[in-house]
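**Student:** This is the structure I have questions about; it appears just below.
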Amino acid sequence: MPVNIGLIGLGMIGRDHLQRFSTVINNARVTAVCDINSGVADTLAKQYQATAYYDAIEMIHSESVDAIFICSVGPVHKEQILAAIKVGKPIFCEKPLTPTAEESKAIIDAETAYGKRLLQLGFMRRFDPGYIELKKSIDAGELGDILLMHCAHRNPSVPESYTLEMAINDSATHEIDIIRYLLNENIVSVRVDIPRKKTSRALPHLQDPLMVIFETESGVRIDDELFVNCNYGYDIQCEVIGENAIASLTEQALTVKRSVSGAGYPIAKTCMERFATAYDREVQNFIDNISSGREMSGPSCWDGYVVALVCDAGLASLQDGLKHEVTVPPRPALYR
Ligand code: ISE
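Here the sequence shown stands for residues 584 to 919, numbered as in the numbering used here.
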């Protein structure tokens, strides 16, 4: 029996997942879609033969829905997740878990009281073949002791609605998660460095690029270039510097074309394009866990909470330019 999915939030990523369910995901179908914009919900419900809802809580309670897929905006995640935990339905939630650590803590409390992991968080990079290879080399000790990491997060452009704070809690949030995942340790401090120069392509309310410096428990120092109006493409870089060897993500393309204009390969324009495989795999992982009755795996509420703690510190640093410490409380047994 396919898993009946209720998908909330029909913006760009919501539509991308809707399409994914109808083309590549096995053992699941979207039976309900929900958006506060009723016109959008009606149109997509018709297109994908689903029932349209305009109220997320109503949809979460619907008997025609077995699992909840949250692609709504961060500020409404807490209410929707808590409602789904209350009725014991599995939840996939796009990042961020919540915009603040305080809200994420309330979700941790609800899930631990429920006694079982119900949620997989949408940090899709953990399912990307390139990052997986990097992690394998690190875990196998091939690089030796890790000393430094260089990351770059480049988007071709961002819409006017993208605020300066989003550079931290919407973009850098991905590096914050993947750094912890790759290195198996927490970030203990963060400092946002605002360069004097900014790109002429950035809207006046933005400071672009930004440099963020993280430090982990063992002292690994990481720089993260956030350049969200880089113009040329969606380009994610990660280089891990070990005592014995250095490893980095390869370019996304696996082939190089030679022609009269030279040798080269296309560069992705969007995260949906760059991380298509990762998105497919994370969603299939969620469905497979439900279908086989296994407990949730992949990024958890705990990961979302710890990332939110680092983001909170990053936002404070964005204000004063100082280094802010991050204190991570002990991990509850449910997430060990
Ligand atoms: C967006 O929300 C994402 O999640 C993308 O992966 C990221 O690259 C972009 O900067 C964010 O705005």
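Where is the CB? At the ideal position from N, CA and C, for every residue including glycine.
I'd like the list of long-range same chain contacts for LYS781, defined as Cβ closer than 7 Å, with 5 residues on each side in sequence excluded.
**Tutor:** Walking along the sequence shown from the start, residue 781 turns up at place 198. Correct list, in chain order: GLN790 and ASP791.
**Student:** Does the distance from the CB of GLU770 to the CB of ALA611 come in under 7 Å?
**Tutor:** Stepping through the sequence shown from its first residue, residue 770 is reached at position 187. Stepping through the sequence shown from its first residue, residue 611 is reached at position 28. The sequence as given places Ile at residue 770; Glu does not occur at that position. Contact: no.
**Student:** Taking 6 Å as the cut-off, is the beta-carbon of ASN868 closer than that to any non-hydrogen atom of the ligand ISE?
**Tutor:** Along the sequence shown, read from residue 1 onward, the residue named residue 868 stands at position 285. No, the ligand ISE has no heavy atom inside 6 Å of this Cβ.
**Student:** Closer than 6 Å: is that where the CB of ASN738 sits relative to any heavy atom of the ligand ISE?
**Tutor:** By one-based count along the sequence shown, residue 738 stands at place 155. Result yes, Cβ under 6 Å from the ligand ISE.
**Student:** If we ignore side chains and look at the alpha-carbon of each, how far apart do GLN728 and ASN827 end up?
**Tutor:** For the purposes of this step, residue 728 is taken as residue 145 along the sequence shown, with counting starting at 1. For the purposes of this step, residue 827 is taken as residue 244 along the sequence shown, with counting starting at 1. The residue asked about is misnamed: residue 728 is Asp in this sequence, not Gln. Spanning the two alpha carbons is a distance of roughly 7 Å.
**Student:** For PRO682 and LYS840, I'd like the C-alpha separation in whole angstroms.
**Tutor:** Here residue 682 is taken as the residue at index 99 of the sequence shown, counted from 1. Here residue 840 is taken as the residue at index 257 of the sequence shown, counted from 1. Going by the C-alpha atoms only, they are around 42 Å apart.
**Student:** Return helix, strand or coil for ASN872, following the three-state DSSP convention.
**Tutor:** The count along the sequence shown starts at 1 and reaches residue 872 at position 289. DSSP, read as helix, strand or coil, puts ASN872 in helix.
**Student:** Quick check: the Cα distance between GLY825 and LEU730, rounded to an integer number of angstroms?
**Tutor:** Your numbering for residue 825 matches position 242 in the sequence shown. Your numbering for residue 730 matches position 147 in the sequence shown. For GLY825 and LEU730, the distance between alpha carbons rounds to 5 Å.
**Student:** Taking the alpha carbon of MET749 as the reference point, which residue from HIS788, ARG864, PRO913 and CYS654 has its own alpha carbon closest?
**Tutor:** In the sequence shown, counting from the first residue as 1, residue 749 sits at position 166. Out of HIS788, ARG864, PRO913 and CYS654, HIS788 has the C-alpha closest to the C-alpha of MET749.
**Student:** Cβ of LEU665 within 7 Å of Cβ of ALA693?
**Tutor:** Here residue 665 is taken as the residue at index 82 of the sequence shown, counted from 1. Here residue 693 is taken as the residue at index 110 of the sequence shown, counted from 1. The answer is yes: Cβ separation under 7 Å.
**Student:** So what's ASP807 in DSSP terms, helix, strand or just coil?
**Tutor:** Stepping through the sequence shown from its first residue, residue 807 is reached at position 224. Here ASP807 sits in strand by DSSP.
**Student:** Excluding the five sequence neighbours on either side, which residues of its own chain have a C-beta within less than 7 Å of the C-beta of ASP903, listed in chain order?
**Tutor:** The sequence position of residue 903 within the sequence shown is 320, counting from 1. Contacts found: none.
**Student:** Determine the contact status of TYR636 and ALA667, defining contact as a CB-CB distance below 7 Å.
**Tutor:** In the sequence shown, residue 636 corresponds to position 53, counting from 1. In the sequence shown, residue 667 corresponds to position 84, counting from 1. Contact annotation: TYR636 and ALA667 have beta-carbon atoms that are not nearer than 7 Å.
**Student:** Can you tell me whether ASP895 is buried or exposed, with buried defined as 16 or more other CB within 10 angstroms of its CB?
**Tutor:** Along the sequence shown, read from residue 1 onward, the residue named residue 895 stands at position 312. With 16 or more Cβ atoms within 10 Å of its Cβ, ASP895 is classed as buried.
**Student:** Could you give the distance in angstroms between the alpha-carbon of SER687 and the alpha-carbon of GLY876?
**Tutor:** Mapped onto the sequence shown, residue 687 falls at position 104. Mapped onto the sequence shown, residue 876 falls at position 293. C-alpha separation (whole angstroms): 25 Å.
**Student:** I want to know whether the stretch 884-900 touches the stretch 757-776 - three or more CB-CB distances under 8 Å.
**Tutor:** yes
**Student:** Looking at the structure shown, is CYS821 part of a helix, part of a strand, or coil, going by DSSP?
**Tutor:** Within the sequence shown, residue 821 is the residue found at index 238, counting from 1. Correct three-state label for CYS821: strand.
**Student:** With ILE591 and ALA639 assumed to form a contact (beta carbons below 8 Å), what rounded beta-carbon distance in angstroms separates them?
**Tutor:** By one-based count along the sequence shown, residue 591 stands at place 8. By one-based count along the sequence shown, residue 639 stands at place 56. So it is a contact: roughly 5 Å between Cβ atoms.
**Student:** Could you tell me the boundaries of the beta strand (DSSP E) in which CYS676 lies?
**Tutor:** Here residue 676 corresponds to residue number 93 of the sequence shown, with the count starting at 1. Note, CYS676: beta strand (DSSP E), 674-677.
**Student:** In angstroms with no decimal places, state the Cα-to-Cα distance between ARG919 and GLU865.
**Tutor:** In the sequence shown, the residue the question calls residue 919 occupies position 336. In the sequence shown, the residue the question calls residue 865 occupies position 282. ARG919 and GLU865: Cα-Cα distance of roughly 20 Å.
**Student:** Do ASN738 and TYR817 have their beta-carbon atoms positioned less than 7 Å apart in this structure?
**Tutor:** Translated into positions along the sequence shown, residue 817 becomes position 234. Translated into positions along the sequence shown, residue 738 becomes position 155. It is a contact, given that the beta carbons lie within the stated cut-off.
**Student:** Could you check what DSSP says for GLN663 in three-state terms: helix, strand or coil?
**Tutor:** On the sequence shown, residue 663 is found 80 positions in, with the first residue counted as 1. Correct three-state label for GLN663: helix.
**Student:** With a threshold of 16 other CB atoms inside 10 Å of the CB of TYR888, please say whether the residue is buried or exposed.
**Tutor:** Position 305 of the sequence shown, counted from the start, is the residue given in the question as residue 888. TYR888 comes out buried.
**Student:** Within the present structure, is the beta-carbon of ASP760 separated from the nearest heavy atom of the ligand ISE by less than 6 Å?
**Tutor:** As a working mapping, residue 760 is identified with position 177 in the sequence shown. Because no heavy atom of the ligand ISE lies under 6 Å away, the Cβ of ASP760 does not count as near it: no.
**Student:** When the Cα atoms are used, what is the spatial distance from THR746 to PHE810?
**Tutor:** Numbered from 1 along the sequence shown, position 163 holds the residue referred to as residue 746. Numbered from 1 along the sequence shown, position 227 holds the residue referred to as residue 810. Cα-Cα distance, rounded: 13 Å.
**Student:** What is the DSSP secondary structure of TYR636, reduced to helix, strand or coil?
**Tutor:** Taking the first residue of the sequence shown as position 1, residue 636 is located at position 53. The answer is strand: DSSP assigns TYR636 an E or B state.
**Student:** Rounding to the nearest angstrom, what Cα-Cα distance links GLU768 and GLU800 in this structure?
**Tutor:** Within the sequence shown, numbered from 1, the residue matching residue 768 stands at position 185. Within the sequence shown, numbered from 1, the residue matching residue 800 stands at position 217. Each residue's Cα considered, the two are about 6 Å apart.
**Student:** Smallest Cα separation from LEU786: which of MET794, PHE797 and GLU743?
**Tutor:** Working through the sequence shown from its first residue, we reach residue 786 at position 203. Nearest of MET794, PHE797 and GLU743 to LEU786, Cα basis: GLU743.
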